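Structure first, then comments.
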Amino acid sequence: MIKFFKIIFRLFLLSILGISIFIHIKLPSYTRAMESEIAELNKQLSMLSNQKKYETAIKQSAYSDTEIIKEEMLPQIEEEKKSLVEQNKILLKENRLLSGHLNILTTKVIFDTKLNRLKLVKNGKIVSDIVVSKKLVADFLKSEINRKTLKILAKEKNPAPIKPKWTFEDITKELPAENSTERLMIGALGNYAIYFDDYLIIHDFTKNTRQHDTINHVCIQMKPKDMQKLYNSVFIGTKLYVE
Amino acid sequence: MKKTKKLSLLMNFGLTIIILTIFALAAIDVYTFFDTRTEYEIAKNRIAGISKEIKYLEKEKHKIYRQSSSLKRKQLALIEINKNLIEKSIGLSNENMLLIQRINELTDSEPYILVDTRENTLYFKRKGQIIRYAKCSVGKGGILRDKKTGRKWEFVTPKGIFTIKNKTENPLWFKPDWAFIEEKKEIPLPFAPERKVEGELGKYALDLGFGYKIHGTQKEELLGRAVSHGCIRLGADDLEYIYKNTKINKTLVYVY
Chain A
1 MIKFFKIIFR LFLLSILGIS IFIHIKLPSY TRAMESEIAE LNKQLSMLSN
51 QKKYETAIKQ SAYSDTEIIK EEMLPQIEEE KKSLVEQNKI LLKENRLLSG
101 HLNILTTKVI FDTKLNRLKL VKNGKIVSDI VVSKKLVADF LKSEINRKTL
151 KILAKEKNPA PIKPKWTFED ITKELPAENS TERLMIGALG NYAIYFDDYL
201 IIHDFTKNTR QHDTINHVCI QMKPKDMQKL YNSVFIGTKL YVE
Chain B
244 MKKTKKLSLL MNFGLTIIIL TIFALAAIDV YTFFDTRTEY EIAKNRIAGI
294 SKEIKYLEKE KHKIYRQSSS LKRKQLALIE INKNLIEKSI GLSNENMLLI
344 QRINELTDSE PYILVDTREN TLYFKRKGQI IRYAKCSVGK GGILRDKKTG
394 RKWEFVTPKG IFTIKNKTEN PLWFKPDWAF IEEKKEIPLP FAPERKVEGE
444 LGKYALDLGF GYKIHGTQKE ELLGRAVSHG CIRLGADDLE YIYKNTKINK
494 TLVYVY
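Chains as they are written, first to last, in my numbering: chain A, 1 to 243; chain B, 244 to 499.
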């Protein structure tokens, strides 16, 4: 029995010996192969590390470029834009005012008594040409106005001229006050009136001729539409040239 | 017999030593193998990790590039806008120079007043150059109707060229009819004493004709806004300056 166990033990030892010999012969070559692979991997790793460094540097540079644009360049350009917009606003305001000033200086009205027309001229160009009735032109020429240049003294919307004293039959009696309904002649000069020197008034047609005729003036009357346009286009001081 | 036994024992001992040596070598080989394998795994994992990091970096880089190119586009658009604004600005400056030149040709060298009714600003100018600038108040617009007589007043400052017809110190204000209608009071007779009001027009008044004046105000905080009934209101200091530096029938007042 002991002998049998001895044999079994020896066989076991022999097999372990065989396996060990096999391991000792084969495994080192696997290990070496793996070691060379590790060396390859380390090379790759070093390359990848360099690539990472490179990518990090590029990202950093792109980031700083973006930051420079975002934090420095864009705000600077935005600031420039703001200041330019402000500057343009000031210039536009100045332009509007200068244009207005020039408009006042270059606006004139020409009363063509031969062609029965009233021409509105702005900056050398006729912007409005209004027909005046022959009768009114004839009345104007017959009037005492002999100046060739007249000037607008005032403009009035909804004029309310005061009824003259002489229209009251008995002037020895106390006359109604100038701001009373008895004295105010609303509508006698139409809706718009432009007053010139020498009692010349340009106004729109009025149906209230009875009251209109009591007003001491020479007039050029026109259609309400033409009158409104003229009223809104002329200025105090605009000259009227009689031709 | 004894010799043979001794030899056998020696052989057994030798064999045992050899077996143990081979076994130990095999164990070292196994250990080395597993150690190398672990090292291999570590290297592989590191490569995987670094590759992942590189991918992430690339992704980030592209994101920044996209952001950068969008910012660059914005920058270019802004530069273009600014370029247009500069061109517009140059155009306006040139146009304004021509306008000033044309105005100078049509006016003399006397200083004049220019009132901007849209901005409620008064400029005292000479040959297009601003000598003084002041906030003012012009007509507020709107219509007031007298129900009794049917009269209507429009509270605008008329545009045009005015001359200073008269200058007054400590002017009195003769309240016109509309002032009583506004206050919902009975309108007195034209020359009634209750029409006279002291101090309302400030220290000075420059008469422009037809009831329009440049005068002071008791409500300087409203300057810069269109609140008057057609007159041009100025602050006390500006009014004094204008009063002292203008001439009757000589200084022109342009209202636009």
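Glycine is no exception: its CB is placed at the ideal position from the N, C-alpha and C atoms.
Since this is a predicted model, take the numbers as computed values, not measurements.
Name, please, each residue of chain B whose Cβ falls closer than 8 angstroms to the Cβ of residue i.
i, result
"glutamate 78 of chain A", "Leu321"
"aspartate 198 of chain A", "By Cβ distance, chain B contributes nothing, its closest Cβ being about 16 angstroms from aspartate 198 of chain A, past 8 angstroms."
"lysine 82 of chain A", "Simply none; closest approach about 10 angstroms."
"threonine 205 of chain A", "According to the sequence provided, residue 205 of chain A is phenylalanine. The question's threonine does not apply to it. Simply none; closest approach about 19 angstroms."
Using the three-state DSSP reduction, which class does residue i fall into: helix, strand or coil?
i, result
"histidine 246 of chain A", "Past the edges of chain A, shown from 1 to 243, lies residue 246 of chain A, and the structure says nothing about it."
"aspartate 359 of chain B", "strand"
"glutamate 397 of chain B", "strand"
"phenylalanine 405 of chain B", "strand"
"glycine 445 of chain B", "coil"
"serine 128 of chain A", "strand"
"glutamate 323 of chain B", "helix"
"glycine 473 of chain B", "coil"
"methionine 222 of chain A", "strand"
"lysine 331 of chain B", "helix"
"valine 273 of chain B", "helix"
"lysine 491 of chain B", "Per the sequence presented here, residue 491 of chain B reads as isoleucine, with lysine not at that position. Reduced to three states, the DSSP call for isoleucine 491 of chain B is coil."
"leucine 415 of chain B", "strand"
"lysine 302 of chain B", "helix"
"lysine 378 of chain B", "strand"
"leucine 432 of chain B", "coil"
Please list the partners that residue i has in chain B, where partner means a Cβ-to-Cβ separation under 9 angstroms.
i, result
"asparagine 95 of chain A", "Leu335, Glu338, Asn339 and Leu342"
"leucine 141 of chain A", "Result: empty, since nearest Cβ-Cβ is about 27 angstroms, beyond 9 angstroms."
"proline 28 of chain A", "Asp272, Thr275 and Phe276"
With distances taken Cα to Cα, identify the nearest neighbour of residue i among the options.
i, options, result
"isoleucine 126 of chain A", "A:Glu144, A:Thr107 and A:His101", "A:Thr107"
"serine 143 of chain A", "A:Phe12, A:Asn116 and A:Cys219", "A:Cys219"
"serine 20 of chain A", "B:Ile290, B:Asp272, B:Thr281 and B:Phe256", "B:Asp272"
"proline 164 of chain A", "A:Leu184, A:Leu150 and A:Met73", "A:Leu184"
"arginine 468 of chain B", "B:Pro433, B:Thr364 and B:Asn492", "B:Thr364"
"isoleucine 475 of chain B", "B:Ala286, B:Ile324, B:Phe256 and B:Thr400", "B:Thr400"
"phenylalanine 196 of chain A", "A:Thr209, A:Lys239 and A:Met227", "A:Lys239"
"isoleucine 145 of chain A", "A:Lys43, A:Lys82 and A:Val242", "A:Val242"
Taking Cβ-Cβ distances shorter than 7 angstroms, what residues in chain A pair up with residue i?
i, result
"tyrosine 499 of chain B", "Leu97, Gly100, His101 and Ile104"
"leucine 349 of chain B", "Leu105"
"alanine 422 of chain B", "Within 7 angstroms Cβ-Cβ: nothing; alanine 422 of chain B doesn't reach chain A, min ~12 angstroms."
Give the residues of chain B in contact with residue i, contact being defined as C-beta atoms less than 7 angstroms apart.
i, result
"glutamate 178 of chain A", "Pro433"
"glycine 124 of chain A", "Neighbours of glycine 124 of chain A on chain B: none; closest Cβ ~11 angstroms, over 7 angstroms."
"lysine 70 of chain A", "Leu314"
"tyrosine 63 of chain A", "Ile307"
Taking Cβ-Cβ distances shorter than 9 angstroms, what residues in chain A pair up with residue i?
i, result
"arginine 394 of chain B", "Asn158, Ala160, Asn179, Leu184 and Ile186"
"proline 436 of chain B", "Neighbours of proline 436 of chain B on chain A: none; closest Cβ ~15 angstroms, over 9 angstroms."
Please compile the residues from chain A whose C-beta is within a distance smaller than 8 angstroms of the C-beta of residue i.
i, result
"isoleucine 485 of chain B", "Result: empty, since nearest Cβ-Cβ is about 18 angstroms, beyond 8 angstroms."
Exercise. Per the contact definition of three or more C-beta pairs closer than 8 angstroms, is the stretch 364 to 372 of chain B in contact with the stretch 192 to 212 of chain A?
Worked result: With the cut-off at 8 angstroms, the stretch 192 to 212 of chain A and the stretch 364 to 372 of chain B do not touch.
Problem set entry | At least 3 beta-carbon pairs within less than 8 angstroms: the stretch 132 to 139 of chain A vs the stretch 261 to 273 of chain B | no
For this session: List in chain order: all unbroken alpha helix (DSSP H) runs of 4+ residues lying wholly within the stretch 39 to 118 of chain A.
Result: You should have 74 to 106.
Exercise. Taking only runs of the beta strand (DSSP E) that begin and end inside the stretch 135 to 209 of chain A, which ones reach a length of at least 3 residues, in chain order?
Worked result: 149 to 157, 192 to 196 and 200 to 204
Exercise. Should the stretch 168 to 179 of chain A be regarded as contacting the stretch 376 to 384 of chain B, the criterion being three or more beta carbon pairs within less than 8 angstroms?
Worked result: no
Exercise. Three or more beta-carbon pairs under 8 angstroms between the stretch 480 to 487 of chain B and the stretch 390 to 401 of chain B, yes or no?
Worked result: no
For this session: For the stretch 328 to 335 of chain B and the stretch 82 to 102 of chain A, state whether three or more C-beta atom pairs, one from each stretch, are separated by less than 8 angstroms.
Result: Under the 8 angstroms Cβ criterion, the stretch 328 to 335 of chain B counts as touching the stretch 82 to 102 of chain A, having at least three qualifying pairs.
Exercise. Looking at C-beta atoms only, is the number of pairs between the stretch 459 to 474 of chain B and the stretch 72 to 82 of chain A that lie closer than 8 angstroms three or more?
Worked result: no
For this session: Answer yes if the stretch 385 to 392 of chain B comes into contact with the stretch 178 to 194 of chain A, meaning at least three C-beta pairs across the two stretches below 8 angstroms, and no otherwise.
Result: The stretch 178 to 194 of chain A, when compared against the stretch 385 to 392 of chain B, does touch it at the 8 angstroms Cβ threshold.
Problem set entry | Sufficient close CB pairs (3 or more, under 8 angstroms) joining the stretch 350 to 364 of chain B to the stretch 113 to 129 of chain A | no
For this session: Take every Cβ of the stretch 455 to 462 of chain B, pair it with every Cβ of the stretch 421 to 430 of chain B, and state whether three or more of those distances are shorter than 8 angstroms.
Result: no
Problem set entry | Three-pair Cβ contact test at 8 angstroms for the stretch 319 to 333 of chain B versus the stretch 341 to 361 of chain B | no
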